[in-house]
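Colleague: My structure is below; once you've seen it, I'll send some questions.
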Amino acid sequence: MAKHKTPMLDQLESGPWPSFVSDLKALADERTKNPKKLDFQVPVDVVDDLLGLLELSFKDGATHWKHGGIVGVFGYGGGVIGRYCDQPEMFPGVAHFHTMRVNQPGGKFYTTEYLRNLCDLWDLRGSGMTNMHGSTGDIIFLGTRTDQLEEIFFELTHKFNQDLGGSGSNLRTPSDCIGAARCEYACYDTQDLCFTMTNDYQDELHRPAFPYKFKFKFDGCPNCCVASIARSDMSFIGTWRDDIRIDQEAVQSYIGGEIPPNAGAHMSRDWGKFDIQKEVIGLCPTECMRMEGKKLKIDNKECNRCMHCINVMPRALRIGKDRGLSILVGAKAPILDGAQMGSLLVPFVKAEAPYEEIKEVIEKVWDWWMEEGKNRERLGELIKRQGFQKLLEATGIAPDARHVKEPRSNPYIFWKEEEVEGGWTRDVNEFRKHHLR
Amino acid sequence: MAFISSGYDPKEPMKNRITDIGPRKYDEFYPPVIAKNKGTWLYHQYLKPGVYYHVAESGDKVFTVRVGGARLMSTLLIQEICEIADKHCGGYVRWTTRNNIEFMVDSEKKVEPLIKDLESRKFKGGSFKFPVGGTGAGITNIVHTQGWAHCHTPATDASGPVKATMDVLFEDFKSMRLPAHLRVSLACCLNMCGAVHCSDIAILGYHRKPPMLDHEYLDKMCEIPLAIAACPTAAIKPAKVEVGGQKINSVAVNNDRCMFCGNCYTMCPAMPLADKEGDGIVIMAGGKVSNRRSAPKFSKVVVAFLPNEAPRWPQTTAVIKKMVDVYANDARKYERLGEWAERIGWERFFEKCELPFTHHLIDDFRDPAYYTWRQTTQFKF
């Protein structure tokens with residue numbers, strides 16, 4: 005028997021899409037029955053009270069969670085988010101309901117053994133509710149009490165060789181796409197770069213020393229499946245600088261209709277016979293493709309590597325062999341000064357372990373931002389406030405026409421004194437000898 | 048309940064302490080077929096919605112079955128996922144960046160039994176536990192935030208509107224009939240933990256009432272200068288107020304300048320914004336993150352406000368369904384929603400989607416606003 009009546013939430017149990025309400029109720033039931041005879045370390049009715057509180061929010065049209073609260077594990081400034089409800093007497097089970105962020109593995113691959121261990125730990129010491137996964141990528145443990153934080157951290161590190169993720173003004177848990185593990189478009193090993201950067205910058209991740217949050221995301225190709233270009237202060241996007249590899253026989257198979265275009269991604273509707281002119285050549289943004297007789301020709305020098313032709317004909321066209329990545333900086337959501345997309349800083353860099361060249365760029369960007377950034381100013385906002393030129397100076401990167409979509413349309417150039425012949429110090433009396441007052 | 052120690056000694060927190068070890072290494076968790084063929088994949092192909100395979104240079108194939116799921120997930124369900132992965136996939140499973148779960152097998156004959164098993168499992172309330180789909184030119188799972196389930200600043204719920212929306216879009220999760228893939232995202236406030244600002248369709252929680260001022264506690268709970276500095280429009284200033292005959296330090300808010308971002312509340316809990324009538328949903332459309340054909344784009348506001356209609360948000364889901372259907376019928380193959388809207392013109396977009404255009408949709412926030420007004424005589428009647 006449910007502890008609280010939840011008539012509004014109950015309406016979310018119907019319909020085909022997996023119902024989180026049904027899932028919550030099943031867990032609440034399981035905790036009540038407790039078939040494994042666990043000595044629960046947080047209230048047994050924690051999930052019942054979560055349902056009750058959520059029902060109240062549905063009724064009131066507002067949240068019942070209080071603002072933060074400083075809790076954590078010793079020596080770390082992130083990874084734990086304090087949470088208390090504003091109706092503790094009605095819902096004592098969720099009076100204290102803190103979040104822990106557990107740093108997910110690359111590509112979000114798991115063994116069942118590992119997942120079961122986490123579940124056992126979380127059933128005993130927390131609510132049993134999770135986010136798989138949080139927006140930044142972590143495994144999220146939702147809901148435990150302060151006295152369990154160190155215990156959970158101790159078990160994670162000692163038994164499962166597993167650390168917490170980031171929160172607050174620090175390096176947030178980096179995340180990556182599936183990359184070379186199972187994708188033919190991967191221009192570098194996203195999981196290895198992500199893992200290496202996460203480990204090399206553990207101090208930055210656990211101990212907040214930045215003006216604000218800072219995110220890394222690693223996309224293996226310009227399709228950007230982890231949205232790095234929109235969501236990360238530093239976005240690493242795989243690319244190549246030689247020629248797209250063409251299998252002319254496979255091109256003919258696409259034309260002949262033996263292979264469905266776009267890997268069959270449009271199969272639920274009849275779009276008619278594949279037309280390479282209309283669907284590939286005509287849609288190329290740089291118009292760098294043509295058919296010469298039965299051969300597909302690409303003027304690779306003019307290609308901007310948008311991925312469209314490769315996406316449409318993955319069996320005929322493959323990414324080049326001289327691979328690396330582009331680094332874009334400053335993306336963020338609208339708070340406060342409007343949303344920003346990442347801006348290109350490094351057009352191409354090789355991505356090979358131990359990634360020293362990449363780390364050099366990262367550290368120069370951080371040095372500048374930590375020196376110049378105001379409290380709660382994201383990197384993108386600092387770049388806007390001080391100008392892209394300042395970022396180039398700070399990183400020692402030479403200006404390049406690739407850095408802009410178009411050159412400036414105003415001539416208000418901040419000339420530096422050393423750039424102007426003779427400098428700025430002049431003698432007004434000398435001037436007046438030739439120009440009367 | 049008796050306290051069970053993990054071995055941690057609160058008197059000596061540094062004793063045997065292990066820190067800074069980072070995540071588990073990715074390749075500990077690769078299924079054998081992935082470990083063997085990493086970096087040598089040749090191509091992939093869909094067998095049907097939700098099911099695709101990759102072929103490696105070695106000739107090996109990996110077949111993936113993708114299922115949707117609620118991001119808010121119990122250990123009970125994770126254990127059931129483990130049971131399925133043990134039975135069919137040698138004990139391996141993965142999640143995608145959009146909250147889908149992927150089960151991988153190394154031969155085609157294992158695919159159908161896996162699908163049959165997945166689709167046979169339902170929750171007590173009747174919904175699927177593991178619906179197969181979410182691939183290609185269709186609608187995949189919604190990325191979203193915490194909402195009323197666990198967040199202190201939301202202007203709407205997350206899991207509720209997501210469930211309601213995916214129920215309405217379920218056919219397009221199960222099929223690949225659209226001109227291109229269509230990404231739906233939800234963020235329950237402007238902080239956008241879900242970063243919905245580059246989605247084909249974004250559901251965004253928004254407040255519409257300026258903060259209330261809990262004068263009696265404001266100076267005790269908050270650093271007043273930080274609250275003032277947090278305001279992007281400089282609408283907050285220091286003020287002395289009289290409470291119970293005593294003059295105390297607090298703040299005053301110029302309500303006409305408030306853009307309801309909630310940044311002050313983030314810095315100062317004594318300035319709450321949430322309100323039943325004030326809070327609701329903004330619908331945005333036309334964003335994308337891929338560099339395919341056109342550059343990544345921001346989503347644009349197409350509906351300024353819809354009320355929070357718990358538990359199923361019918362107006363919100365109706366607007367979304369309408370946009371998806373009009374786009375599906377009108378766009379060209381490969382055209383993303385934003386590319387389609389730009390080609391036909393936004394004036395046509397509003398007409399076709401039967402959405403009213405109001406003054407709220409004209410940008411008036413700082414310099415970038417100017418670049419969104421029409422500086423040409425090229426428009427459509």
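For the protein sequence lines, the chains are D and Y, in the order given. According to our numbering, the first sequence holds residues 5 to 441 in order. According to our numbering, the second sequence holds residues 48 to 428 in order. From the three backbone atoms N, C-alpha and C, an ideal C-beta is built for every residue, glycine too.
1) Identify every residue that forms a DSSP beta bridge with residue 341/Y.
2) So which residues of chain D does residue 154/Y contact, with C-beta pairs closer than 9 Å?
3) Alpha carbons only, please: which of 169/Y, 239/Y and 383/Y is nearest the one belonging to residue 186/Y?
4) State the start and end residues of the unbroken alpha helix (DSSP H) segment that holds residue 32/D.
5) Looking at C-beta atoms only, is the number of pairs between the segment 319-337 of chain Y and the segment 200-214 of chain Y that lie closer than 8 Å three or more?
6) Hey, could you find the ends of the alpha helix (DSSP H) residue 285/Y is sitting in?
7) Quick check: is any heavy atom of the ligand SAH less than 7 Å from the C-beta of residue 209/Y?
8) What in chain D is Cβ-close to residue 281/Y, meaning under 8 Å?
9) Is DSSP giving residue 203/D helix, strand or coil here?
10) Can you list, in chain order, the residues of its chain whose CB lies under 6 Å from that of residue 289/D, leaving out five sequence neighbours each side?
11) Once the 5 residues before and after residue 149/D are set aside, which same chain residues still bring their CB inside 6 Å of it?
12) Hey, which unbroken runs of the alpha helix (DSSP H) at 4 residues or more fall wholly within the segment 134-182 of chain D?
13) Judging by CA-CA distance, which residue of 154/D, 200/D and 423/D is the nearest neighbour of residue 357/D?
14) For residue 100/Y, list the residues DSSP reports as bridge partners.
15) Using the Cα positions of residue 222/D and residue 241/Y, report the straight-line distance between them to the nearest angstrom.
16) What does residue 220/D reach in chain Y if we use C-beta pairs closer than 7 Å?
17) Decide if residue 371/D is buried, meaning its Cβ has at least 16 other Cβ atoms within 10 Å, or exposed.
18) Measure from the C-beta of residue 339/D to each C-beta in chain Y and report whether the shortest distance is under 8 Å.
19) If residue 346/D and residue 365/D are in contact, beta carbons under 8 Å, what's the gap, nearest whole angstrom?
20) Three or more beta-carbon pairs under 8 Å between the segment 330-337 of chain Y and the segment 379-396 of chain Y, yes or no?
21) Can you name the residues that DSSP bridges to residue 394/Y?
22) Measure from the C-beta of residue 102/D to each C-beta in chain Y and report whether the shortest distance is under 8 Å.
23) Taking the straight line between their C-alpha atoms, what separation do you get for residue 368/D and residue 390/D?
24) Which one or two residues does DSSP pair with residue 344/D in a beta bridge?
25) Applying the 10 Å Cβ sphere with the 16-neighbour rule, what's the burial state of residue 49/D?
26) Hey, could you find the ends of the alpha helix (DSSP H) residue 373/D is sitting in?
27) Anything in the segment 24-38 of chain D with a Cβ closer than 8 Å to a Cβ of chain Y? List those residues in chain order, please.
28) Are residue 31/D and residue 62/D touching if we call contact CB-CB under 8 Å?
29) On a CA-only basis, which of 359/D, 314/D, 274/D and 353/D is nearest residue 196/D? Give me that one, please.
30) Quick one: which chain Y residues come within Cβ less than 8 Å of residue 109/D?
31) Could you list which residues in chain D have their beta carbon closer than 8 Å to that of residue 174/Y, in chain order?
32) How about the segment 157-168 of chain Y and the segment 272-285 of chain Y: do they share at least three Cβ pairs that are nearer than 8 Å?
33) Could you tell me whether the Cβ of residue 418/Y comes closer than 8 Å to any Cβ of chain D?
34) Identify which residue in 246/D, 258/D and 154/D has its Cα closest to the Cα of residue 78/D.
35) Bridge partners for residue 171/Y per DSSP, in chain order?
36) Return no unless some Cβ of chain Y is closer than 8 Å to the Cβ of residue 56/D.
Modeller: If we stick to the structure as given:
1) According to DSSP, which records beta bridges pairwise, residue 341/Y is partnered with nothing at all.
2) Residues of chain D whose Cβ lies closer than 9 Å to the Cβ of residue 154/Y do not exist, since the nearest Cβ in that chain is about 16 Å away.
3) Check the Cα spacing between residue 186/Y and each of 169/Y, 239/Y and 383/Y: the tightest is with 383/Y.
4) Judged by DSSP secondary structure, residue 32/D falls within the alpha helix (DSSP H) whose first and last residues are 24-37.
5) Result yes; three or more Cβ-Cβ pairs closer than 8 Å.
6) Residue 285/Y: not part of any alpha helix (DSSP H); member of the beta strand (DSSP E) spanning 283-290, first to last residue.
7) In the structure on display, the ligand SAH does not appear, and there are no ligands present to speak of.
8) Near residue 281/Y there are no residues of chain D at all, since even the closest Cβ is about 12 Å away, more than 8 Å.
9) Helix at residue 203/D.
10) Answer for residue 289/D: 310, listed in chain order.
11) For residue 149/D, the CB contacts under 6 Å within the same chain, skipping 5 residues up- and downstream, are 46 and 100 in chain order.
12) Taken in chain order, the unbroken stretches of alpha helix (DSSP H) that lie wholly in the segment 134-182 of chain D and span 4 residues or more are 150-164.
13) When each option's Cα is compared against that of residue 357/D, the closest is 200/D.
14) Under DSSP, the beta-bridge partners assigned to residue 100/Y are 92/Y and 110/Y.
15) Residue 222/D and residue 241/Y have their C-alpha atoms some 17 Å from each other.
16) Those do not exist, as residue 220/D stays about 13 Å from chain Y at its closest Cβ, beyond 7 Å.
17) Exposed: under 16 other Cβ atoms inside 10 Å.
18) Interface flag for residue 339/D against chain Y is set, since a Cβ pair is found closer than 8 Å.
19) Contact between residue 346/D and residue 365/D is absent: CB atoms are separated by about 14 Å, not below the 8 Å threshold.
20) The segment 330-337 of chain Y vs the segment 379-396 of chain Y: in contact.
21) Answer is none; residue 394/Y lacks a bridge partner.
22) Chain Y places no beta carbon closer than 8 Å to that of residue 102/D, leaving this residue out of the contacts.
23) Taking the straight line joining both Cα atoms gives about 16 Å.
24) The secondary-structure analysis by DSSP pairs residue 344/D across a beta bridge with 336/D.
25) Residue 49/D is buried by the Cβ-count criterion.
26) Its alpha helix (DSSP H) spans residues 360-376.
27) For the segment 24-38 of chain D, the beta-carbon criterion of a distance under 8 Å to any beta-carbon of chain Y is satisfied by 24, 25, 26, 27, 28, 29, 30, 31 and 34.
28) At least 8 Å separates the beta-carbon of residue 31/D from that of residue 62/D.
29) Sorting 359/D, 314/D, 274/D and 353/D by C-alpha distance to the C-alpha of residue 196/D places 359/D at the top.
30) What residue 109/D touches in chain Y, judged by beta-carbon distance under 8 Å, is 70, 71, 72, 73, 75 and 76, going in chain order.
31) The contacting residues are 17, 18, 19, 20, 21, 22, 23 and 26.
32) As far as the Cβ criterion goes, the segment 157-168 of chain Y does not touch the segment 272-285 of chain Y, which means the pair count is below three.
33) No, because no Cβ of chain D sits closer than 8 Å to the Cβ of residue 418/Y.
34) Residue nearest to residue 78/D within the set 246/D, 258/D and 154/D is 154/D (criterion: CA-CA distance).
35) DSSP output for residue 171/Y lists no bridge partner at all.
36) Cβ-Cβ to chain Y under 8 Å: no for residue 56/D.
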